[in-house]
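Presented below is the structure to which this report refers.
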Amino acid sequence: MFDNLSDRLAETFKRLKGHGKLSEANIADALREVRLALLEADVNYKVAKDFVAGVRERAVGQEVMKSLTPAQQVIKIVREELSSLMGGQAEGLNLIGRPPQVLMMVGLQGAGKTTTAGKLARMLAGMGKKPLLVPADVQRPAAIEQLKKLGAQLGVPVHDSDPGGDPVDICVRALGTASRLGCDALILDTAGRLHIDEPLMAQLERIKQKLQPGEILLVADAMTGQDAVNVAEAFHQRLGLSGVVLTKVEGDARGGAALSIRAVTGVPIKLVGVGEKLDALEPFHPDRMAGRILGMGDVLSLVEKAASAFEQEKAQALAKKMAKNEFDLEDFREQIRQIRKLGSLESILGMLPGAGKLKGMKDMQPDEKEIGRVEAIISSMTPGERAKPQIIDASRRKRIAAGSGVTVADVNRLLKNFTQAKKMMKQVSKLGGKRKGLKRLL
Ligand code: GDP
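In the UniProt record's numbering, the protein residues as written are 1 to 442.
Written as structure tokens, this is what we have:
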């Protein structure tokens with residue numbers, strides 16, 4: 001699983017290493033590659049976009065600059081973002097409450113619903129529970145037979161459903177069977193269709209109302225990629241799913257469904273089917289899966305090297321300049337570009353659910369125009385002027401203002417701000433020097 005994505009990411013980071021020296025442009029390239037790799041893995045478009053934005057936001061900001069070990073920070077970020085994309089924490093089955101606990105399996109035909117019902121019965125029995133399998137798919141008598149066979153194989157009782165009966169009645173009667181047999185968990189194998197249709201949904205809703213299941217698990221085929229995501233969305237809207245069981249995961253080289261379902265629907269993947277046999281059902285651990293995608297071996301050490309080379313070099317160069325009071329307008333522009341790389345605040349806020357509805361959001365936005373204006377002014381200067389702002393006299397100010405489409409007052413304000421910032425930096429670096437001196441004295 002995820003083989004293609006893992007390979008693509010490894011390739012991306014290898015290329016980063018090939019550059020010898022890393023620049024921010026390389027990082028931007030790498031993030032673009034990561035996004036393409038996600039799209040190739042059939043990850044939902046918006047999910048991939050948000051993912052990369054999230055990594056960029058956290059990686060290209062202060063968080064990394066301030067960190068003592070930026071490399072570790074970057075690895076952590078990518079891994080955490082991948083993990084949270086898939087739900088973060090592993091989510092167990094809800095087996096609390098008064099027995100019998102009812103677990104309702106829903107899904108399209110062929111997704112692996114009946115097989116998964118059997119696997120789940122085996123898993124619950126292994127946890128010391130006494131499950132009862134309930135075939136509630138009356139459209140397909142073969143499905144009842146299939147479940148009976150699975151039950152016999154597992155030594156788990158199967159409710160004797162009437163092939164001509166009403167699915168809701170069958171489930172209610174199964175409650176009686178459960179209490180007669182002393183079963184404490186009911187696994188309902190509901191009807192599947194080739195497509196989502198209204199009568200099926202209505203039937204499932206009725207079962208839900210009557211039985212009040214603690215779990216409504218959608219069984220979805222990982223190999224169908226984004227279709228599985230759409231199916232999950234449709235079922236969730238009607239029934240309110242409590243979890244997803246993703247099947248055939250072992251044969252899914254792309255992984256798009258696993259990476260997108262939680263982000264798109266908000267429903268956690270609780271279990272994954274990794275084979276046809278009855279023991280091939282595993283709990284889903286987002287963090288472990290994220291580690292697996294990144295390979296944890298080669299790829300991570302490459303990221304580590306790449307990240308440390310990039311951040312340390314830059315931070316050191318800047319610190320040196322500040323200490324020598326050589327910070328010039330070129331550096332100032334670089335800093336502004338860094339800030340802009342975070343993306344607009346609007347887009348960051350847009351990623352928060354519900355933030356779009358916040359009133360007065362406009363007031364919270366930084367003045368993008370102002371930042372753009374400052375960058376334009378500095379860009380209109382000659383390299384000599386950027387290095388030695390003190391040579392910028394009245395006639396130069398006029399030229400720069402005309403070149404960047406602003407007024408002379410704007411240029412004046414920028415130069416004043418810059419001079420103040422530089423003074424402050426000088427004081428800060430002096431303070432640092434004093435501290436060092438003090439340490440030496442002590
Ligand atoms: P249903 O129509 O949803 O009840 O689907 P079935 O349970 O009949 O499964 C359809 C096919 O998928 C069967 O051939 C199963 O053996 C197979 N299947 C189910 N789960 C998995 C899985 O996790 N991995 C693999 N490889 N096959 C699976």
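We treat Cβ as the ideally placed atom computed from N, Cα and C, and that holds for glycine.
Query	Result
Kindly indicate the opening and closing residues of the alpha helix (DSSP H) around isoleucine 261.	256 to 265
At what residues does the alpha helix (DSSP H) containing glutamate 198 begin and finish?	198 to 211
Could you say which of Arg413, Phe284, Val264 lies nearest to glycine 273 if we only look at CA atoms?	Phe284
Does the Cβ of glutamate 276 lie closer than 6 Å to at least one heavy atom of the ligand GDP?	yes
Give every residue of the same chain whose Cβ lies closer than 8 Å to the Cβ of alanine 48, excluding the five residues on either side of it in the sequence, and list them in chain order.	Arg35, Leu38, Leu39
Figure out for me which residue from Leu147, Ser260, Gly275 has the closest Cα to the Cα of proline 286.	Ser260
Suppose you measure from the CA of proline 353 to the CA of glutamine 89; what does that come to, to the nearest Å?	In this prediction, proline 353 scores a pLDDT of 34, lower than 50, which makes its location untrustworthy; no coordinate-derived value is stated.
Go through its chain and collect everything with a Cβ distance to residue 451's Cβ below 8 Å, but skip five positions before and after it.	Given a span of 1 to 442 for the chain in the structure shown, any question on residue 451 remains unanswerable.
Which residue comes first and which comes last in the beta strand (DSSP E) that contains glutamine 101?	101 to 106
Would the C-beta of glycine 243 count as close to the ligand GTP, meaning under 6 Å from any of its heavy atoms?	This structure simply doesn't include the ligand GTP; it includes the ligand GDP instead.
Proline 283 lies in the beta strand (DSSP E); which residues open and close that run?	281 to 283
Smallest Cα separation from phenylalanine 418: which of Lys46, Ser242, Arg386?	Arg386
Please name the residue, chosen from Gly251, Ile216, Ala263, that lies closest to glycine 240 on a Cα-to-Cα basis.	Ile216
Return yes when the C-beta of alanine 152 is under 6 Å from any heavy atom of the ligand GDP, and no when it is not.	no
Check whether the Cβ of glycine 273 lies closer than 6 Å to any heavy atom of the ligand GDP, and answer yes or no.	yes
Quick check: the Cα distance between alanine 290 and alanine 421, rounded to an integer number of angstroms?	42 Å
When the Cα atoms are used, what is the spatial distance from alanine 41 to glutamine 390?	54 Å
For glutamate 40, which three-state DSSP category applies?	helix
Go ahead and pull the three-state DSSP assignment for lysine 324.	coil
Sorted by chain position, which residues of the same chain lie with C-beta nearer than 7 Å to leucine 438's C-beta, five sequence neighbours on each side aside?	Reliability fails at leucine 438, whose pLDDT of 33 lies under 50, so the model's placement of it is uncertain and the value that follows must be treated cautiously. Cβ neighbours of leucine 438 beyond the five flanking positions: none.
Tell me whether valine 102 is buried or exposed, calling it buried when 16 or more other Cβ atoms sit within 10 Å of its Cβ.	buried
Could you compute how far the alpha carbon of isoleucine 269 sits from the alpha carbon of glycine 165?	32 Å
Report the three-state DSSP secondary structure of isoleucine 96 (helix, strand or coil).	coil
Just verifying my parser: in three-state terms, what is the DSSP assignment at alanine 220?	strand
Using a Cβ-based criterion (distance less than 6 Å to any ligand heavy atom), does lysine 113 qualify as near the ligand GDP?	yes
Relative to the alpha-carbon of phenylalanine 235, which residue among Asp169, Arg140, Leu200, Arg396 has its alpha-carbon at the smallest distance?	Leu200
With threonine 114 as the anchor, note down where its alpha helix (DSSP H) starts and where it stops.	113 to 126
Cβ-heavy atom distance between glycine 192 and the ligand GDP below 6 Å?	yes
Under the rule that 16 or more other beta-carbon atoms within 10 Å means buried, what is glycine 182, buried or exposed?	exposed
Assuming glycine 192 and aspartate 227 are in contact, meaning their beta carbons sit under 8 Å apart, how far apart are those beta carbons, in whole angstroms?	That belief does not hold up - the Cβ atoms of glycine 192 and aspartate 227 are roughly 15 Å apart, past 8 Å.
Got a sec? Which residues, its chain only, sit under 6 Å from arginine 206 by beta carbon, not counting five neighbours each side?	Val168
Tell me the residue span of the beta strand (DSSP E) that contains proline 135.	131 to 136
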